[in-house]
Amino acid sequence: TASVWDYDSLDFMINNYPDIPFLKIPSAVNGSYEFLVDSCKTGYPILLSLGMTNLKNTDEILNILNKHSKDFCVMHTNSAYPAPNDQLNLSVIPFLIDRYKCNVGYSGHEIDLEPSVIATTLGAKVIERHVTLDHQMWGSDHAASLEVHAMDMLRKRIFSANEAIGE
Numbered sequence: 045t046a047s048v049w050d051y052d053s054l055d056f057m058i059n060n061y062p063d064i065p066f067l068k069i070p071s072a073v074n075g076s077y078e079f080l081v082d083s084c085k086t087g088y089p090i091l092l093s094l095g096m097t098n099l100k101n102t103d104e105i106l107n108i109l110n111k112h113s114k115d116f117c118v119m120h121t122n123s124a125y126p127a128p129n130d131q132l133n134l135s136v137i138p139f140l141i142d143r144y145k146c147n148v149g150y151s152g153h154e155i156d157l158e159p160s161v162i163a164t165t166l167g168a169k170v171i172e173r174h175v176t177l178d179h180q181m182w183g184s185d186h187a188a189s190l191e192v193h194a195m196d197m198l199r200k201r202i203f204s205a206n207e208a209i210g211e
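Everything in the sequence shown is counted per this note's numbering, starting at 45 for the first residue and increasing by one.
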């Protein structure tokens with residue numbers, strides 16, 4: 045899937061890829077509440093990153109999601125590329141779960157795998173990581189993205205960590 049940043053990209057995704065599993069709303073458009081409502085009205089599940097929001101914004105976003113969407117997940121994130129580990133504040137994940145009683149995920153922009161694994165042990169139900177073919181490619185995302193083999197490593201580590209924690 046891909047992030048929808050505006051009405052043109054929203055229309056493009058739903059008209060050209062009707063079988064997409066969800067719409068991803070990036071942090072940069074969180075203040076566009078009308079766009080969020082219209083995205084919800086498409087009927088697709090919503091994954092929404094909470095980077096660049098404060099608690100007041102998050103409350104407003106959750107009110108919209110609860111009113112207009114039947115299926116959503118909010119994603120804790122630090123919007124820096126790459127995000128330094130000491131600024132990830134993963135402790136927000138259980139806070140969001142407790143405050144909003146909804147599905148919470150984690151959108152990781154850090155270089156290593158451990159924070160994404162930790163996020164699942166803190167209750168994140170969805171993990172989003174960007175994928176690259178090569179960290180040296182041009183563009184702002186590539187340094188903080190995972191190569192394909194690292195995605196498989198991440199998947200294995202998440203399953204292993206959660207298996208070790210148990211129920």
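Glycine included, each C-beta is placed from N, C-alpha and C at the ideal position.
Check	Outcome
Pairwise C-alpha distance: H112 and L190	33 Å
N-terminal and C-terminal residue of the alpha helix (DSSP H) that S151 is part of	Per DSSP, S151 belongs to no alpha helix (DSSP H); it is in the beta strand (DSSP E), N147 to G152.
Exposed unless 16 or more other CB atoms sit within 10 angstroms - verdict on T164	buried
Reduced DSSP secondary structure (H/G/I, E/B, other) of K85	coil
Inter-residue spacing [alpha-carbon to alpha-carbon] between S184 and C146	31 Å
Assumed close pair E154, A194 - CB separation to whole angstroms, cut-off 8 Å	Contact doesn't hold; Cβ gap of about 12 Å is too wide.
Best match in L80, S93 and E104 for proximity to V170 [C-alpha to C-alpha]	S93
Endpoints, the alpha helix (DSSP H) within which M96 is located	Note, M96: premise wrong, no alpha helix (DSSP H); not H, not E.
Beta-carbon proximity list for S151, same chain, < 6 Å, skipping 5 on both sides	S93, M119, T121 and E172
Of the residues A124, L80 and F56, the one placed nearest N107, counting alpha carbons only	L80
DSSP state of T45 mapped onto helix, strand, coil	coil
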